[in-house]
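*Asks:*
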Amino acid sequence: MKHSDDSDHGSELDPIEIRVRALESLLVEKKLVDRAALDVLMDYFENKVGPMNGAQVVARAWKDPNYKERLLKDGSGAIAELGFTGFQGEDLIVVENTPAVHNVIACTLCSCYPWSVLGLPPAWYKSNAYRARIVIEPREVLKEFGLELHEDVEVRVWDSTSEVRYLVLPEAPQGAVDMGEDELAKVVTRNSMVGTAKVFLQTMEKEG
Amino acid sequence: MNGVHDMGGIQNMGPIELEDNEPVFHCEWEGRVFALNMATGPLRLWNLDMKRQATESMQPPERYLGASYYERWLESLIKLFKERGVITEEELVTGEIKLKEITEMPSAASPDEVIALMGKGRSARVKTNIKPRFKVGDKIVTRNINIPTHTRLPRYVRGKCGRVERDHGVFIFPDTHSQNWEQSPQHVYVVSFTARELWGPDASSRDKVLVDLWDSYMDII
């Protein structure tokens, strides 16, 4: 990440930045927070968990039908086989996209998201617009992501109201059979695992 | 609570704004706020449901709507620490500690402890045998209830007919857990609603919304 650069601010800090620093200092002084714990937490979510975890799960499911069967039956259990466990992924269910059914994940009440496999959610997932609109006009919302679905496709929107987390298993792209698991993991995007995109072999650029 | 946080189905909310190559945190303070939330969770001065309630009851409501995500997290964290008598607004502003040391406060979570917690997680599943009120395939109607405090029954699915698709097992009930730590374990189910049931005859005849609902949010038809 881009660490806050003093040259951006000069000597004037954003009021919210001052408030955050004040809170941190108070809690450290009151011995309720260990600064080193804050550093490792930021590092963990910036570098250790993220969509690369989920991408490995998806690639394995595409290549190994037995794994896919276990994954759809017991999401958290099958994901733990690859070593991905933890916060906001304790009870996880994987839903499969097919030519007939398209799943998309949301949280209308806050921002619930499967951290253990996707990391922290992007801003759009937490936005008022996505939370409000995805359940009432999913097809319009998906169009804004560049995904237009045929009217015959059934759209299923999963509103994460409980502590169960959801992950979408996207459809394997044409040509996946000729590729290795590691190669495939590189083309699986975050948005495809939330259900706001499909996976194509030619679009390997990073997404928003 | 019928708060502004309960957004499902609101229209005229503007386009989805996408950002290329989005960083995990947009600036240092967002990361600090996130980490402060995670590092203070293990103190067990509150639970996740209490934290959510503090966030969604941000005052005034227009502030919630306008605030960035981590600003909401920051203010709810401050609110909870104040409510628990740990800090005061004056201390925050002046940086001078006024409150006498609170005895019997838990001690700060160490780096090893927080990383172990992140890796292991903390499931809200309750290991107890409770008879489910519903089974897969049941036709249900959600209750028309307006809980003034925290609830996970969104407005847009109240008083609607749906079908039980899956039984997740037994979980903590957020409505009570957010008030007094009472777990009131109940079964949670995936319930499907047709888009037409929720949004009327102009909605797609194929589409569905699936929502996780607790036993006491619904009745059998």
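Just so you know, the sequences run in chain order P and X. Counted from 1, the first sequence has number 171 at position 171 by this note's numbering; the numbering is strictly sequential. Counted from 1, the second sequence has number 312 at position 104 by this note's numbering; the numbering is strictly sequential. Glycine included, C-beta positions come from ideal geometry on N, C-alpha and C.
Please list the partners that valine 157 (chain P) has in chain X, where partner means a Cβ-to-Cβ separation under 8 Å.
*Replies:* Within 8 Å Cβ-Cβ: Asp415, Lys416, Val417 and Leu418.
*Asks:* What in chain P is Cβ-close to methionine 221 (chain X), meaning under 9 Å?
*Replies:* Chain P residues near methionine 221 (chain X): Ser127, Asn128, Ala129, Tyr130, Arg131, Ala132 and Arg133.
*Asks:* Against chain X, which members of the region 40-55 of chain P pass a CB distance test of less than 7 Å?
*Replies:* The region 40-55 of chain P vs chain X, Cβ under 7 Å: Val40, Leu41, Met42, Tyr44, Phe45 and Glu46.
*Asks:* Using the rule of at least 16 other Cβ atoms within 10 Å of the residue's Cβ for burial, across every protein chain shown, is glutamine 174 (chain P) buried or exposed?
*Replies:* Exposed, since its Cβ has fewer than 16 Cβ neighbours within 10 Å.
*Asks:* Name the residue from P:Glu181, P:Arg190 and P:Arg139 whose alpha carbon lies nearest to the alpha carbon of tryptophan 62 (chain P).
*Replies:* That would be P:Glu181, whose Cα lies nearest to the Cα of tryptophan 62 (chain P).
*Asks:* Check whether the Cβ atoms of glycine 239 (chain X) and tyrosine 364 (chain X) lie closer than 8 Å to each other.
*Replies:* Not in contact: glycine 239 (chain X) and tyrosine 364 (chain X) (Cβ atoms no closer than 8 Å).
*Asks:* Given a threshold of 16 other Cβ atoms within 10 Å of its Cβ, counted over all protein chains shown, does phenylalanine 200 (chain P) qualify as buried or as exposed?
*Replies:* With fewer than 16 Cβ atoms within 10 Å of its Cβ, phenylalanine 200 (chain P) is classed as exposed.
*Asks:* Starting from the beta carbon of glycine 77 (chain P), find every residue of chain X whose beta carbon is closer than 8 Å, and list them in chain order.
*Replies:* By Cβ distance, chain X contributes nothing, its closest Cβ being about 13 Å from glycine 77 (chain P), past 8 Å.
*Asks:* I'd like to know if leucine 288 (chain X) contacts chain P, where contact means its C-beta is closer than 8 Å to some C-beta of that chain.
*Replies:* No, no contact with chain P.
*Asks:* Using Cβ-Cβ distances below 7 Å, what residues of the region 362-390 of chain X are close to chain P?
*Replies:* The region 362-390 of chain X vs chain P, Cβ under 7 Å: Pro362, Tyr364, His376 and Phe379.
*Asks:* Ignoring anything shorter than 3 residues, give me the beta strand (DSSP E) runs that lie fully in the region 149-205 of chain P, in order along the chain.
*Replies:* Runs found: 154-159 and 165-169.
*Asks:* Could you confirm whether any beta carbon from chain P is found closer than 8 Å to the beta carbon of lysine 306 (chain X)?
*Replies:* No, no contact with chain P.
*Asks:* Can the beta-carbon of proline 340 (chain X) be found less than 8 Å from the beta-carbon of arginine 360 (chain X)?
*Replies:* Against a cut-off of 8 Å, the Cβ pair of arginine 360 (chain X) and proline 340 (chain X) comes out as no contact.
*Asks:* Mind checking the region 316-345 of chain X against chain P and listing, in chain order, the residues whose C-beta falls within less than 8 Å of any C-beta there?
*Replies:* Cβ contacts with chain P come from Ala316, Ala317, Ser318, Pro319, Glu321, Val322, Ile323, Leu325, Met326, Gly327, Lys328, Gly329, Arg330, Ser331, Ala332 and Arg333.
*Asks:* Within 8 Å (strictly less), CB to CB, does alanine 37 (chain P) reach chain X?
*Replies:* Yes, because at least one Cβ of chain X sits closer than 8 Å to the Cβ of alanine 37 (chain P).
*Asks:* Candidates X:Asn255, X:Val396 and X:Ser412: which alpha carbon is nearest alanine 403 (chain X)'s?
*Replies:* For alanine 403 (chain X), the nearest C-alpha among the options comes from X:Ser412.
*Asks:* Starting from asparagine 103 (chain P), trace the beta strand (DSSP E) in both directions and tell me its first and last residue.
*Replies:* Run containing asparagine 103 (chain P): 101-106, per the beta strand (DSSP E) assignment.
*Asks:* How about leucine 92 (chain P) and arginine 60 (chain P): do their beta carbons lie closer than 8 Å?
*Replies:* For leucine 92 (chain P) and arginine 60 (chain P), no; Cβs fall outside 8 Å.
*Asks:* Are the C-beta atoms of tryptophan 124 (chain P) and some chain X residue less than 8 Å apart?
*Replies:* So, interface residue.
*Asks:* Considering only their Cβ atoms, is the gap separating phenylalanine 242 (chain X) from tryptophan 281 (chain X) smaller than 8 Å?
*Replies:* A contact, by the Cβ cut-off of 8 Å.
*Asks:* Residues in the same chain with beta-carbon distance under 6 Å from isoleucine 353 (chain X), minus the five sequence neighbours each way, listed in chain order, please.
*Replies:* Same-chain partners within the cutoff: there are none.
*Asks:* Beta-carbon of lysine 198 (chain P) versus every beta-carbon of chain X: anything under 8 Å?
*Replies:* So no, lysine 198 (chain P) is outside the interface.
*Asks:* Are the CB atoms of serine 284 (chain X) and lysine 259 (chain X) within a distance shorter than 8 Å?
*Replies:* In contact: lysine 259 (chain X) and serine 284 (chain X) (Cβ atoms closer than 8 Å).
*Asks:* How would you label leucine 23 (chain P), buried or exposed, when you count the other beta carbons within 10 angstroms and need 16 or more for buried?
*Replies:* Per the 10 Å Cβ criterion, buried.
*Asks:* Assign histidine 150 (chain P) to one of two classes, buried (16 or more other C-beta atoms within 10 Å of its C-beta) or exposed (fewer than that).
*Replies:* Exposed.
*Asks:* Would you call the region 383-398 of chain X and the region 180-195 of chain P touching, i.e. three or more CB-CB distances under 8 Å?
*Replies:* Judged by Cβ distances under 8 Å, the region 383-398 of chain X makes no contact with the region 180-195 of chain P, as fewer than three pairs qualify.
*Asks:* Go ahead and label tryptophan 389 (chain X) buried or exposed: buried means 16 or more other beta carbons lie within 10 angstroms of its beta carbon, across all protein chains shown.
*Replies:* Exposed, because fewer than 16 other Cβ atoms sit within 10 Å of the Cβ of tryptophan 389 (chain X).
*Asks:* Valine 33 (chain P) versus chain X: which residues are under 7 Å apart at the beta carbon?
*Replies:* By Cβ distance, chain X contributes Leu244, Ala247, Thr248 and Ala316.
*Asks:* Using three-state DSSP, classify aspartate 375 (chain X) as helix, strand or coil.
*Replies:* If DSSP states are grouped into helix, strand and coil, aspartate 375 (chain X) belongs with the strands.
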